[in-house]
Amino acid sequence: MPELPLWLVWVIKAAVIYGALLSVAGLMSLAERKVSAWMQYRIGPNRVGPFGLLQPLADGVKFMFKEELVPAGANPFLFRIAPALAALPAMLAVAVIPFAGEIELFGQRTTLSVTDLPISSLYVLAVGGLGIYGIILGGWSSNSKYSLLGSLRASAQMVSYELSLILSILAVVALSGSLDLRVIADAQQADAALWNIARAPLAFLLFVVCMFAETNRHPFDFAESEPELVGGFHTEYSAMRFALFFLGEYCAMTVMSCLATVLFLAGGAIPFWPDAPWWAELASFLVKMSAFLFLYLWVRWTLPRFRFDQLMRLGWKVLLPLALFNLFATAALMAAGVL
Amino acid sequence: MLTPYVPILILLALATGFSLVSLGLSDLLGRLRPSIGKSTAYECGMQVEGSARLRLSIHFYLVAVLFILFDVESLLLVPWAVAARSFQEAGVGPLVLAEVAGFVGVLGLGLAWVWKKGGLDWDR
Amino acid sequence: MSSVQTFDYAPGALPAAQGSTSEGPTSELPDDPLHGELLRLSMGPQHPATHGVLRVVVELDGETIQSCEPMVGFLHRGKEKSCESLGWAKFFPHTDRLDYVQPLMNNVGYALALETLAGIAVPERGQVVRVLLMEVSRIAAHLIYLGTTAIDLGAVSMFFATFKERENIYSILDAYTGHRMNNTYVRIGGVYCDVDENVERALSEWLGRFPACIDEYEKFLTGNRIWYDRNRGVGVITREQALAWSLSGPNLRGSGMDWDLRKRSPYSGYESYEFEIPVGTVGDAYDRYLVRIEEMRQSVKIAQQALARLAATRGAEVLAEDRRYVLPPKAKVHSSMEELIFQFKVVTDLCLPRGEAYHAIESSKGELGFYVASDGTSKPLRCHIRAPGLQNVQAIPLVAQGRLFSDMVAIIGSLDFVMGEVDR
Chain A
65 MPELPLWLVW
75 VIKAAVIYGA
85 LLSVAGLMSL
95 AERKVSAWMQ
105 YRIGPNRVGP
115 FGLLQPLADG
125 VKFMFKEELV
135 PAGANPFLFR
145 IAPALAALPA
155 MLAVAVIPFA
165 GEIELFGQRT
175 TLSVTDLPIS
185 SLYVLAVGGL
195 GIYGIILGGW
205 SSNSKYSLLG
215 SLRASAQMVS
225 YELSLILSIL
235 AVVALSGSLD
245 LRVIADAQQA
255 DAALWNIARA
265 PLAFLLFVVC
275 MFAETNRHPF
285 DFAESEPELV
295 GGFHTEYSAM
305 RFALFFLGEY
315 CAMTVMSCLA
325 TVLFLAGGAI
335 PFWPDAPWWA
345 ELASFLVKMS
355 AFLFLYLWVR
365 WTLPRFRFDQ
375 LMRLGWKVLL
385 PLALFNLFAT
395 AALMAAGVL
Chain B
3 MLTPYVPILI
13 LLALATGFSL
23 VSLGLSDLLG
33 RLRPSIGKST
43 AYECGMQVEG
53 SARLRLSIHF
63 YLVAVLFILF
73 DVESLLLVPW
83 AVAARSFQEA
93 GVGPLVLAEV
103 AGFVGVLGLG
113 LAWVWKKGGL
123 DWDR
Chain C
2 MSSVQTFDYA
12 PGALPAAQGS
22 TSEGPTSELP
32 DDPLHGELLR
42 LSMGPQHPAT
52 HGVLRVVVEL
62 DGETIQSCEP
72 MVGFLHRGKE
82 KSCESLGWAK
92 FFPHTDRLDY
102 VQPLMNNVGY
112 ALALETLAGI
122 AVPERGQVVR
132 VLLMEVSRIA
142 AHLIYLGTTA
152 IDLGAVSMFF
162 ATFKERENIY
172 SILDAYTGHR
182 MNNTYVRIGG
192 VYCDVDENVE
202 RALSEWLGRF
212 PACIDEYEKF
222 LTGNRIWYDR
232 NRGVGVITRE
242 QALAWSLSGP
252 NLRGSGMDWD
262 LRKRSPYSGY
272 ESYEFEIPVG
282 TVGDAYDRYL
292 VRIEEMRQSV
302 KIAQQALARL
312 AATRGAEVLA
322 EDRRYVLPPK
332 AKVHSSMEEL
342 IFQFKVVTDL
352 CLPRGEAYHA
362 IESSKGELGF
372 YVASDGTSKP
382 LRCHIRAPGL
392 QNVQAIPLVA
402 QGRLFSDMVA
412 IIGSLDFVMG
422 EVDR
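So the protein sequences, as listed, match chains A, B and C. In terms of the numbering used here, the first sequence opens at residue 65 and continues consecutively. In terms of the numbering used here, the second sequence opens at residue 3 and continues consecutively. In terms of the numbering used here, the third sequence opens at residue 2 and continues consecutively.
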């Protein structure tokens, strides 16, 4: 078989992973409704396809045919571009997630990730941090007070929690001595006792909390908070632009779950099976990722919502000092030779 | 050196393409029937009073400034975190740790000061 | 300056919990760098958290409510005036639509006022059935409070948990009264028909099961840290404030006032039932939540006692035999001239004696009073409804000023009103 040119391999990998991300995001929109239904004595969508599996597709088609409204007084350009700005960063961040080890693709040996950067964890943080622009611009350009409040809350919240997020990741980086997600995952490969969830449990806890806040998910979903802000930053949105905000949110959740899997659960590693083939690693990765995604839904449909000041207090007065302490505790333990 | 970034550009093209195509399709297929009622901003069914573009509480800026302070701090910690293990192996781990502790200690004092001043209290 | 009237509450009158936040609106200065411009926001009438069509105009500084004013009237249907044109008996269906989450309670309140005016004694079994219906309605209404308040504070699944049980209540009421919601089952002098044994069985089965459901709700919320933080210290109404603002019901009891009309001026034989009145200590949203939870338990107790009495008085009359006000049995109408005339008179020309009467009951929201005045003709001279919801709405600015915008939904939820009775 002739060897495929490298660029084509890249395109194939990018297309497959991007398609998978969109599928997972779409399935999440179904899972959200199904899981909430099961928790609430309901059935959930079950008309479109078996178990309602085609519901996300039907929704997509419906959104396309909906009327697109732009409120008077809105900034039309920013208003139209904001949903794409909100969705793109989450979609781009998936590029460096190492789903599994090396695979053979049409004669080319390559890794199962869009690309491998030596600074991939910084890349995720940098690109992921851009997601807030779409939300701020969308809320502000709507010229609606509820949207404005929503985007203000979102921005204050996301910057507050980004600090703890970075610091909790730094603890993991210190443990493995690399910013490369693949190296971080591989360093935990050998033994379940080396998984960072065991070596840095506090960092894991901090990361999970920040993960909810960074994706604007319940119990931190102040940017939307239906009962107060009636949707918040996307109050004025309709049709596909509305859908794109949600697609972005689900993509961000998926990427965050992937990140948690890589950083703390050793990516696709399977305990007691060190030489697992790539498909087993991929399956194990997806199972771990799904566990985090389910956690998102579980929390969403169980807990009440925080208040805004409580959220800020938690972020600045609890999580930030804790994250700083955790980083130094980890470093000190390393210096003492424990870790 | 920059080759690993090319696939990201491919992904960017894919994602942008998807966003533009889906939004474009929505614009093409969606039927527009504008009316005054639909185009007014949501204000719970009442007439919109005033503008949503106004000067905001200074608290939001305070959060932003604090964020930049601590974000820069954490950025400066990144190189140390990466090299922590090698410092350890070179035998200067505790020394470097003490230096970094001094650096963060100063910023920690800053945080404590802001805390005491009430800069972190949202409800003043 | 804005045209919103800001209520002038003395800072000292506000509870200490709000502390420094209540130091007057410094934002009046046009160039105050610390506070930005006020965001004047209309919350409602079409807003998910205002429990109907309440409109609250708030002025926000950032996230802090600088002033707020509730505006009512979006659901005004002229109920009191309708009574004057419809006549006494035909107003019963309209009372259903006052506080539409507890129609039977409104029915009883109105009937009691008319009975006081006309001096009619309701037979023992009729009173027991009324008590049963009222307590079940109270549970249904508190379930609505719990579900909607929880959904406002983000605990969406609670809403379905409470509505599941409310659905059971409605099925039983449907089996008994023939309607799920707007029952109109109470008549002057008693209730329309006796309780079926099947209904009794279904009710006692449900009442036996329900306390476990309350435990489940409490597991969801009472000890939940987020729920506690969202409610504790929010919307604090002191006992004096509650009295001054004429609050009643769980809102008054949450503020530590041991006041329940079922104990203080018993009606329908409440004095003979064993139950307790839960009272709060702080007067915040959390206390009001706890009071309502406990009231549901007490209501179960009362309803079970009522069921026991029903079993003991089976076969007794549930409707007074006063032909001036009460419809004769249909069978007799077909066979007796007098009864036919009575039926005709009661339906077309029901006259209450000259005079006036006020009777209040302890509804799920507070003191639900009906003032009726008659000039002796078939048309009421005046019917005034003292709806507790209106007082509850009035209390919003009292506790919302200086708080965060997110607290608004907790406050509105915990004060618990239904716009149907506020606007009438």
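We treat Cβ as the ideally placed atom computed from N, Cα and C, and that holds for glycine.
Could you check where the beta strand (DSSP E) with residue 176(A) kicks off and where it finishes? Taking the first residue of the first sequence as position 1, residue 176(A) is located at position 112. Looking at the DSSP string, the run of the beta strand (DSSP E) that includes residue 176(A) is 172-176.
Using 10 angstroms around the beta-carbon of residue 216(C), count the other beta-carbons present and answer buried if the total reaches 16, otherwise exposed. Along the third sequence, one-based indexing puts residue 216(C) at 215. Around the beta-carbon of residue 216(C), fewer than 16 other beta-carbon atoms lie within 10 Å, marking it exposed.
Beta-carbon contacts of residue 376(A) that lie in its chain and below 8 Å, excluding the five residues immediately before and after: Numbered from 1 along the first sequence, position 312 holds the residue referred to as residue 376(A). Here the set comprises 220, 221, 224.
Please list, in chain order, the chain B residues whose beta carbon lies closer than 7 Å to that of residue 180(A). By one-based count along the first sequence, residue 180(A) stands at place 116. Ordered by position in chain B, the residues that pass the 7 Å Cβ test against residue 180(A) are 6.
Alpha-carbon to alpha-carbon, residue 249(C) and residue 319(A): On the first sequence, position 255 is the one that residue 319(A) refers to. On the third sequence, position 248 is the one that residue 249(C) refers to. So the alpha carbons of these two residues sit roughly 52 Å apart.
So which residues on chain C does residue 209(A) lean against when the C-beta distance must stay under 7 Å? Walking along the first sequence from the start, residue 209(A) turns up at place 145. The answer, in chain order, is 40, 42.
Looking at residue 14(B) and residue 156(A), is the spacing between their C-beta atoms short of 9 Å? Working through the first sequence from its first residue, we reach residue 156(A) at position 92. Working through the second sequence from its first residue, we reach residue 14(B) at position 12. Pairing residue 156(A) with residue 14(B) gives a Cβ-Cβ distance under 9 Å.
Grab the span of the beta strand (DSSP E) containing residue 69(C) for me, first residue to last. The residue labelled residue 69(C) in the question sits at position 68 within the third sequence. The continuous beta strand (DSSP E) containing residue 69(C) extends over residues 65-72.
Are the CB atoms of residue 353(C) and residue 326(C) within a distance shorter than 9 Å? Taking the third sequence and counting its residues from 1, one reaches residue 326(C) at position 325. Taking the third sequence and counting its residues from 1, one reaches residue 353(C) at position 352. Against a cut-off of 9 Å, the Cβ pair of residue 353(C) and residue 326(C) comes out as a contact.
Could you spell out the range, first to last residue, of the alpha helix (DSSP H) harbouring residue 230(A)? Here residue 230(A) corresponds to residue number 166 of the first sequence, with the count starting at 1. 209-240 is the extent of the alpha helix (DSSP H) around residue 230(A).
Would you call residue 92(B) buried or exposed, if buried means 16 or more other Cβ atoms sit within 10 Å of its Cβ? Translated into positions along the second sequence, residue 92(B) becomes position 90. Answer is exposed; the Cβ neighbour count stays below 16.
Which residues in the same chain have their Cβ closer than 7 Å to the Cβ of residue 89(A), if we skip the five residues on either side of it in sequence? Stepping through the first sequence from its first residue, residue 89(A) is reached at position 25. 311, 314, 315, 318, listed in sequence order.
Grouping DSSP H, G and I as helix and E and B as strand, with all else coil, what is residue 33(B)? Residue mapping note: residue 33(B) aligns to position 31 of the second sequence, counting from 1. Coil at residue 33(B), not helix or strand.
Where do the N-terminal and C-terminal ends of the beta strand (DSSP E) with residue 59(C) fall, by residue? Position 58 of the third sequence, counting from 1, holds the residue named residue 59(C). 56-62 is the span of the beta strand (DSSP E), which, as asked, contains residue 59(C).
So what does residue 386(C) bridge to, in DSSP terms? For the purposes of this step, residue 386(C) is identified with residue 385 of the third sequence, where counting begins at 1. Answer is 371(C).
What did DSSP end up calling residue 251(A) once you bin it into helix, strand or coil? Here residue 251(A) refers to the residue found at position 187 when the first sequence is read from its first residue. The answer is helix: DSSP assigns residue 251(A) an H, G or I state.
Does the beta carbon of residue 432(C) come closer than 9 Å to any beta carbon on chain A? Absent from the model: residue 432(C). The displayed extent of chain C is 2 to 425, so no value can be given.
Is residue 28(C) helix, strand or coil by DSSP? Stepping through the third sequence from its first residue, residue 28(C) is reached at position 27. Below a pLDDT of 50, predicted positions are generally treated as unreliable, and residue 28(C), at 43, falls in that range; no measurement from the model is reported.
For residue 361(C), which of helix, strand or coil comes out of DSSP? The sequence position of residue 361(C) within the third sequence is 360, counting from 1. Of the three classes helix, strand and coil, the one that applies to residue 361(C) here is strand, per DSSP.
Neighbourhood of residue 218(C) by C-beta distance below 8 Å, restricted to the same chain and skipping five residues each side: Sequence index remark: in the third sequence, residue 218(C) carries index 217 (1-based). Excluding sequence neighbours, residue 218(C) sits near 147, 159, 162, 163, 294.
Assign residue 94(A) to buried or exposed, taking buried as 16 or more other Cβ atoms, counted over all protein chains shown, within 10 Å of its Cβ. Counting from one through the first sequence, the residue named residue 94(A) turns up at place 30. By the neighbour-count rule (16 or more Cβ atoms within 10 Å), residue 94(A) is buried.
For residue 305(A), decide whether its Cβ has a neighbour in chain B, counting only Cβ atoms nearer than 9 Å. Here residue 305(A) is taken as the residue at index 241 of the first sequence, counted from 1. Cβ-Cβ to chain B under 9 Å: yes for residue 305(A).
From the DSSP output, read off the bridge partner residues of residue 44(C). In the third sequence, the residue the question calls residue 44(C) occupies position 43. 57(C).
Would the segment 283-299 of chain A count as touching the segment 332-339 of chain A if we require 3 or more Cβ pairs under 8 Å? no
Which word fits residue 121(A), buried or exposed, when buried means at least 16 other C-beta atoms lie within 10 angstroms of its C-beta? As a working note, residue 121(A) is residue 57 in the first sequence. Classification for residue 121(A): exposed.
Show which residues of chain B have a CB atom less than 7 Å away from the CB atom of residue 136(A). Within the first sequence, numbered from 1, the residue matching residue 136(A) stands at position 72. Neighbours of residue 136(A) on chain B, chain order: 41, 42.
Would you identify the three-state DSSP class for residue 131(C), choosing helix, strand or coil? Counting from one through the third sequence, the residue named residue 131(C) turns up at place 130. DSSP places residue 131(C) in helix when its eight states are reduced to three.
Can you tell me which of the three DSSP states residue 293(C) falls into? Within the third sequence, residue 293(C) is the residue found at index 292, counting from 1. It is helical.
Going along the chain, which residues of its own chain have a beta-carbon closer than 8 Å to the beta-carbon of residue 123(A), five neighbours each way excluded? Residue mapping note: residue 123(A) aligns to position 59 of the first sequence, counting from 1. Taken in chain order, the residues that qualify are 93, 307.
Along the beta strand (DSSP E) that carries residue 166(A), what are the first and last residues, could you check? The residue given as residue 166(A) occupies position 102 in the first sequence. Here the beta strand (DSSP E) through residue 166(A) covers 164-169.
Among 238(C), 358(C), 317(C), the one whose alpha carbon lies nearest that of residue 281(C): Against the third sequence, residue 281(C) aligns to sequence position 280. Considering only alpha carbons, the answer is 238(C).
Going along chain B, which residues have a C-beta under 8 Å from residue 46(C)? As a first step, residue 46(C) is located in the third sequence; it is residue number 45 there, counting from the start. Ordered by position in chain B, the residues that pass the 8 Å Cβ test against residue 46(C) are 46, 47, 48.
Within the 9 Å Cβ cut-off, does residue 202(C) reach chain B? Counting from 1 along the third sequence, the entry for residue 202(C) is found at position 201. So, not an interface residue.
Are there 16 or more other CB atoms within 10 angstroms of the CB of residue 29(C), so buried, or fewer, so exposed? Within the third sequence, residue 29(C) is the residue found at index 28, counting from 1. In this prediction, residue 29(C) has a pLDDT of 48, which is less than 50 and means its spatial position is unreliable; what the coordinates show is noted afterwards. Flag for residue 29(C) reads exposed.
Just checking, does the segment 135-142 of chain C make contact with the segment 371-383 of chain C on the three C-beta pairs under 8 Å criterion? no
9 Å Cβ cutoff, residue 285(C) in contact with chain B: By 1-based counting over the third sequence, the position of residue 285(C) is 284. Judged by the 9 Å Cβ criterion, residue 285(C) is not in contact with chain B.
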